[in-house]
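Read the structure below first, then the notes.
2 protein chains.
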Amino acid sequence: MISPVSRSKCFGGVQGVYSHESREAACVMRFGVFLPPQAQSRAVPVLYWLSGLTCTEENFIVKAGAQRVAAELGLAIVVPDTSPRGLKIPGEDETYDFGTGAGFYVDATQPPWSRGYRMYSYVTEELPRLVESEFPVDRRRVGILGHSMGGHGALTVALKNPGYFRSVSAFAPISSAMHSPWGEKALAGYLGPDRASWREYDAAALVEERGWRGPPLLVDQGSDDPFLESQLRPQLLQEACTRAGVALDLRLQQGYDHSYFFIATFIEEHLRFHARNLERAD
Amino acid sequence: MISPVSRSKCFGGVQGVYSHESREAACVMRFGVFLPPQAQSRAVPVLYWLSGLTCTEENFIVKAGAQRVAAELGLAIVVPDTSPRGLKIPGEDETYDFGTGAGFYVDATQPPWSRGYRMYSYVTEELPRLVESEFPVDRRRVGILGHSMGGHGALTVALKNPGYFRSVSAFAPISSAMHSPWGEKALAGYLGPDRASWREYDAAALVEERGWRGPPLLVDQGSDDPFLESQLRPQLLQEACTRAGVALDLRLQQGYDHSYFFIATFIEEHLRFHARNLERAD
């Protein structure tokens, strides 16, 4: 059961925001869905966008300018929130990089976070089932992409669910949560101190452990991103891909930073990349 | 003297936000400037975007998706704020449609608003002089456009300054401030009760009194805009243009509302319209 929050015509399609009672997140969650005009007559391929720290479902919807290209290519785009909201867990609003707005797309095992901070199951199970039941999307043609924390999330989610997510790309992703201050804080808080348990949610580790038989991974990274060396460390992803024999198209975009101005500049190329990959999916 | 607030590479150009001590607005004002890549080697045509009620300089910059097309066409885009900020005039923050965020692009004559609420002089004199001195723009190729309150502002500003603003368009503009509840409240507050004085800031009245020898006016209006009949009333602009013999391309866009999703959908056509017009300017 979903409730419409807003619906606006956009490039001939409809940009909607919806809410629903989420079992995994233990609260009312919002998500965005862009349906291209082609969805009026057939099921369309669908992309999931995972956002970065501090974001809600709104940032990508209003800032990325993705609807123009999605309308042309006939792609739906689903945009979840980045964490549960309003669980009233002590400390959830104290810092920008843990708790609210910082779910990191993991299933927390540590109380009190294990109640509701189950964003991995939310974006891989609950939300896709809901979207498939409520919108005309083709469940055989699903891709995923994201930014920063959400770029890392897109990589981990795809690597663990290659049968469902057939195509993956990222903007300025954290390459290895275990080797990033943001990620270490999040994984320690949600999963506890045993670092071995963190590998299940670490993009570089998963590349090495599970490989990837889908189309090459596409990653764009701005050269002027202030988090490049401290948090994102694209060389860790590159090294993992090399060791695992996974094809990676890592592009260092000169002069771009970590903002949605960077995302907006290259989102068209990412959407065309996914559309091509999903066209070939069987 | 301007201070950079932020600068991000975007579509090969630079989206900046700057601040300066404004004489007209009697406060520190922010404005956005997008410089396309072409501005590295020559002075480029420049468009001014005037925003609607409640907006700052940020809304258009992050939501309209204009930079992609501006970069292709070699257009700079300047985006002022919609009012002075922080003047601490009693009542300036009480309602969304008067005071802060609602300057209406007029020079107030009524105290206490006459101090600072001088957005007409700000956008027609102070800001253009500043932009010309600080950025590589061609002062012979200047256009203006805007949304809602800012669409009305763009029309009035161009009609009164046809030698400077050579090309004008609007999204869902108020057609006649004197015949709109938003406009009546603003003009009464800023200019006082004498309605005769309002005509100097009324788009439909100015069309009839001054005419327009520039290229046809381009206006897009969404058919599902909730303010269409109550505030915007495009037929008043159409009737004024007919009476004055002014060419108006008024397009009713089926199903679109008042949001930036509407603006994003048609901004490309507006930028191409202005680029064509300014190419022909002498």
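Chains A and B are the protein sequences, given in the same order. The working numbering applies: residue 1 is where the first sequence begins, and numbers increase by one. The working numbering applies: residue 283 is where the second sequence begins, and numbers increase by one. For every residue, glycine included, the Cβ atom is placed at its ideal position computed from N, Cα and C. Quantities reported herein were computed from a predicted structural model and do not represent experimental measurements.
Nonlocal neighbours in the same chain, by C-beta distance under 8 Å from residue i, ignoring five residues either side
i      : result
L553/B : L329, A348, V351, A352, L355 and L357
F509/B : S430, A454 and H540
Residues that residue i contacts on chain A, provided the C-beta gap is smaller than 7 Å
i      : result
R397/B : Chain A residues near R397/B: none, gap ~34 Å exceeds 7 Å.
Q297/B : F261
Neighbourhood of residue i by C-beta distance below 6 Å, restricted to the same chain and skipping five residues each side
i      : result
V106/A : Y120, Y190 and Y201
A240/A : A204, V207 and E208
T82/A  : S51, C55, G101 and G103
N443/B : T406
I2/A   : Y18, H20 and E134
Cβ neighbour criterion (16 or more within 10 Å) applied to residue i
i      : result
S154/A : The amino acid at residue 154/A is misidentified as Ser; the sequence shows Ala. Buried, by the Cβ-count rule.
Y378/B : exposed
V123/A : buried
E561/B : exposed
S479/B : exposed
P128/A : buried
K370/B : exposed
T524/B : exposed
E94/A  : exposed
P475/B : exposed
V287/B : exposed
G86/A  : exposed
N126/A : Looking at the sequence shown, residue 126/A is not Asn but Glu. Looking at its Cβ environment, which holds 16 or more other Cβ atoms inside 10 Å, E126/A is buried.
Proximal residues of chain B, C-beta to C-beta of residue i below 7 Å
i      : result
Y256/A : K291
Y260/A : V344
R265/A : First, the residue type needs correcting, since residue 265/A is Thr and not Arg in the sequence shown. Per Cβ cutoff of 7 Å: C292 and F293.
Nearest to residue i (by Cα), restricted to the options the options
i      : options                           : result
H540/B : M1/A, T100/A, P4/A and C10/A      : C10/A
D502/B : D476/B, V439/B, H429/B and R492/B : H429/B
N341/B : A390/B, A526/B, A440/B and V360/B : V360/B
S286/A : G103/A, S51/A and F227/A          : Since the first residue of chain A shown is 1 and the last is 282, residue 286/A is not available in this structure.
D507/B : Q536/B, A308/B and A546/B         : Q536/B
S223/A : G163/A, R251/A and T56/A          : R251/A
R515/B : T438/B, Y399/B and A459/B         : A459/B
L412/B : S304/B, N559/B, A468/B and Q297/B : S304/B
A264/A : A468/B, S290/B and S285/B         : S290/B
W494/B : P463/B, Y446/B and Y538/B         : Y446/B
P215/A : L248/A, E92/A, R195/A and D194/A  : L248/A
F261/A : A346/B, A307/B and W331/B         : A346/B
C27/A  : G116/A, L159/A and V14/A          : G116/A
P84/A  : R210/A, E24/A and W49/A           : E24/A
V62/A  : A39/A, F31/A, P37/A and Q38/A     : F31/A
L218/A : H274/A, Q110/A and G245/A         : H274/A
P36/A  : Q110/A, G13/A, M29/A and I267/A   : G13/A
Sequence-distant residues of the same chain with beta carbon closer than 7 Å to residue i, five excluded per side
i      : result
S114/A : A108
L236/A : S175, S176, H179 and A204
K185/A : D97 and F98
G283/A : Nothing about residue 283/A can be reported from this structure: the residues present for chain A run from 1 to 282 only.
Neighbour list for residue i in chain B, Cβ cutoff strictly below 8 Å
i     : result
G65/A : G347, R350 and A546
### Message
Does the contact criterion of 3 or more C-beta pairs under 8 Å hold for the segment 448-462 of chain B versus the segment 424-439 of chain B?
### Response
At 8 Å Cβ cutoff, the stretches touch.
### Task
Check whether the segment 313-325 of chain B touches the segment 410-422 of chain B, taking contact to mean three or more Cβ pairs, one atom from each stretch, closer than 8 Å.
With a cut-off of 8 Å on Cβ pairs, the segment 313-325 of chain B is in contact with the segment 410-422 of chain B, counting three or more such pairs.
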